[in-house]
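The block underneath contains the structure these notes are about, expressed in structure tokens.
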């Protein structure tokens, strides 16, 4: 796994099949909750490729409402 900061125009982050997590560098200006959500969201994609129920359960277990 690798994490890269990128200048993404329309995304906060992404995670590819190559296990590279890309995060938009502009997250440093976002509220802490947005930054945390984006990081956890992309890290959950390392285990769950899609936004299925298992994905949202793992996402929610780490960052509950």
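Numbering (full-length UniProt numbering), first residue to last: 1 to 65.
Glycine included, each C-beta is placed from N, C-alpha and C at the ideal position.
This structure is a prediction, so every number in the text was calculated from the model and none was measured.
Exclusion of the five residues before and after residue 43 leaves 21 as the residues of its chain whose Cβ lies within less than 7 Å of its Cβ. By DSSP's assignment, residue 22 forms a beta bridge with 4, 14. Residue 13 counts as buried, since at least 16 other C-beta atoms from the protein chains shown sit within 10 angstroms of its C-beta. In the three-state reduction of the DSSP assignment, residue 45 falls in the coil class, being assigned neither a helical nor a strand state. If you draw a straight line from the Cα of residue 60 to the Cα of residue 24, it comes to about 22 Å.
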